[in-house]
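In the working numbering, the protein residues as written are 118 to 210.
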């Protein structure tokens, strides 16, 4: 039977029974694994979405902090210019 096609009905029946037995053994665990993989994939997507959302929130906070720092620096510079201008104005008087 090695290397040849089955020719007798008995050989064909044996092969069909073997295939049926293999399917009965492996199909239920594979279906369970498939279900678990789907569940894990859904959980992974949820965690990924949470991480993306958190990253955006942190970037927004960082941008807000940077904007605050730039605003403070501009205000300090403006105050220094105003002080210098008032001192120049006072010294000219």
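C-beta atoms are modelled at their ideal positions from N, C-alpha and C, and glycine is treated no differently.
All values reported here derive from a predicted model rather than from experimental measurement.
Range covered by the alpha helix (DSSP H) that runs through residue i
i	result
residue 205	126-209
Residues of its chain near residue i, where Cβ-Cβ distance is below 7 Å and the 5 sequence neighbours each way are ignored
i	result
residue 177	none
residue 195	none
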